[in-house]
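*Asks:* Once you've had a glance at the structure underneath, I'll fire off some questions.
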Amino acid sequence: MRQEGHFPVMLPEVLESLNPQDGGVYLDGTFGGGGYSRALLRAANCTVHAIDRDPDAIKRGQPLVAASEGRLHLHQGTFSAMKELVGHVGPLNGIVLDLGVSSFQLDQEDRGFSFRHDGPLDMRMSIDGQSAADIVNGEKEGVLADILYHYGEERRSRRVARAIVDARQSGPIQTTGQLAEIIRKAVPKERPNFDPATRSFQALRIAVNDELGELERTLNAAPELLAPGGVFCIVTFHSLEDRMTKRALARLAGRTAGPSRHTPLSMQQTEAPSFELLHTRPRTPTDHELNLNPRSRSARLRALRRLPVHGASA
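Numbering (the numbering used here), first residue to last: 3 to 316.
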């Protein structure tokens with residue numbers, strides 16, 4: 003199921019995990035092009051609440067709201083604020099998050115997410131607050147290097163940061179094309195079909211949108227909004243967010259390492275977990291999906307279910 007310019011990533015796997023039911027209430031925490039919301043509405047006579055921080059996405063979704071006959075409700079804001087935005091609707095039967103950048107945003111030159119197009123160096127999902135240009139032109143070299151290293155896992159972060167600082171002495175870096183060329187000159191190409199600017203652009207996007215902070219807050223908030231039997235699905239796209247997700251879901255499902263035999267009994271956790279993992283290993287896109295949408299190649303789906311009865315298996 004594809005809307006022009008947009009692929010809902012791993013849609014069959016997400017629907018299988020959520021198993022939408024008539025009368026259920028579901029949350030699409032990253033509305034984007036509306037792919038998951040549309041599929042949920044078609045799969046069952048259910049209600050869907052959807053969140054997006056991008057006002058363009060909210061506008062784009064209005065025809066779907068009108069066609070849903072009251073079953074779709076859009077909320078502008080961050081998905082980490084889901085409790086404040088949709089907590090009043092009661093326990094949710096399912097929550098889905100796609101942590102990737104919307105294809106609409108990637109393909110819009112004026113949003114500045116992609117170095118495939120030469121556009122303003124922006125990268126803001128919500129079109130407000132600090133932009134990537136503000137960081138690139140305003141931060142000290144050491145801060146830039148830390149951002150590139152921690153958020154982009156760029157091993158040559160100091161070299162890239164030095165190149166950026168040197169380049170901006172001649173004037174502000176204002177476009178994605180300018181920045182990409184600066185990075186390409188500073189970092190040798192590692193392998194075919196991998197642009198040296200990839201990691202740095204990822205790092206700046208994460209920093210601009212506080213993506214890891216958003217995810218951490220959501221991993222704490224979302225499970226508590228689930229009804230018994232409800233499922234929380236997360237599609238990640240890079241190792242940082244996937245590691246955070248894996249650890250958080252494992253902890254909730256009681257999959258963390260057991261206590262040492264030397265730990266006092268009073269300090270050992272004996273309470274049975276309230277959640278279970280739907281699958282112990284992440285699901286990945288099929289070859290068919292990869293052929294249709296190469297952008298999905300790094301996607302990983304993890305899912306957690308709230309146990310129907312505390313401490314009992316589903």
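We treat Cβ as the ideally placed atom computed from N, Cα and C, and that holds for glycine.
Give me the Cα-Cα distance between G63 and P57, rounded to the nearest whole angstrom.
*Replies:* Going by the C-alpha atoms only, they are around 10 Å apart.
*Asks:* Taking P190 as the reference, which of R207, A169, V210 and R157 has the closest Cα?
*Replies:* Ranking the options by Cα distance to P190, first place goes to R157.
*Asks:* Alpha carbons only, please: which of T80, L279 and E141 is nearest the one belonging to R126?
*Replies:* Measuring from the Cα of R126, the nearest candidate turns out to be T80.
*Asks:* Which residue or residues does DSSP assign as beta-bridge partners of H51?
*Replies:* L29 and H75, per the DSSP bridge assignment.
*Asks:* Use the C-beta contact count for G102: other C-beta atoms within 10 angstroms, 16 or more gives buried, fewer gives exposed.
*Replies:* Buried is the call here.
*Asks:* Could you have a look at I236 and say whether DSSP puts it in helix, strand or coil?
*Replies:* Reduced to three states, the DSSP call for I236 is strand.
*Asks:* Considering only C-alpha positions, which residue in the set H290, C235, N293 and D289 is nearest to H281?
*Replies:* Among H290, C235, N293 and D289, the Cα nearest to that of H281 is on C235.
*Asks:* How big is the Cα-Cα spacing for A68 and G96?
*Replies:* Looking at the two C-alpha atoms, the distance is approximately 22 Å.
*Asks:* Since L123 and S133 are thought to touch, with beta carbons under 8 Å apart, how far apart are those beta carbons, to the nearest angstrom?
*Replies:* 7 Å between Cβ atoms; contact.
*Asks:* Give me the Cβ distance between V233 and R307, rounded to the nearest whole Å; I'm assuming they're in contact under 8 Å.
*Replies:* 5 Å between Cβ atoms; contact.
*Asks:* Give the straight-line distance between the Cα atoms of L42 and E71, rounded to the nearest whole angstrom.
*Replies:* Cα-Cα distance, rounded: 14 Å.
*Asks:* Are Q141 and L242 closer than 9 Å when you measure CB to CB?
*Replies:* Sequence inspection shows Glu at residue 141; the Gln mentioned does not correspond to that position. For E141 and L242, no; Cβs fall outside 9 Å.
*Asks:* Would the beta-carbon of M246 fall within 9 Å of that of L217?
*Replies:* Contact flag set, yes.
*Asks:* With DSSP as the reference, label I97 as helix, strand or coil.
*Replies:* Strand.
*Asks:* Along the chain, where does the beta strand (DSSP E) containing L306 start, and where does it finish?
*Replies:* Counting along the chain, the beta strand (DSSP E) containing L306 begins and ends at R302 to R308.
*Asks:* Quick check on DSSP: helix, strand or coil for L228?
*Replies:* In the structure shown, L228 sits in a strand (DSSP, three-state: E or B).
*Asks:* In terms of residue numbering, what span does the beta strand (DSSP E) encompassing E183 cover?
*Replies:* Unbroken run through E183 is the alpha helix (DSSP H), T178 to A188; no beta strand (DSSP E).
*Asks:* Please classify E155: does DSSP put it in a helix, a strand, or coil?
*Replies:* If DSSP states are grouped into helix, strand and coil, E155 belongs with coil.
*Asks:* Taking the C-alpha atoms as reference points, what is the distance between P10 and L76?
*Replies:* C-alpha separation (whole angstroms): 17 Å.
*Asks:* Expressed to the nearest angstrom, what Euclidean distance is found between the alpha-carbon atoms of P296 and N195?
*Replies:* So the alpha carbons of these two residues sit roughly 12 Å apart.
*Asks:* In terms of alpha-carbon separation, which member of F33, S19 and G92 lies closest to L228?
*Replies:* Among F33, S19 and G92, the Cα nearest to that of L228 is on G92.
*Asks:* Have a look at Q78 and T177 and give me their C-alpha separation to the nearest angstrom.
*Replies:* So the two alpha carbons sit approximately 28 Å from each other.
*Asks:* Please classify P310 as buried or exposed, where buried requires at least 16 other C-beta atoms within 10 Å of its C-beta.
*Replies:* So P310 counts as exposed.
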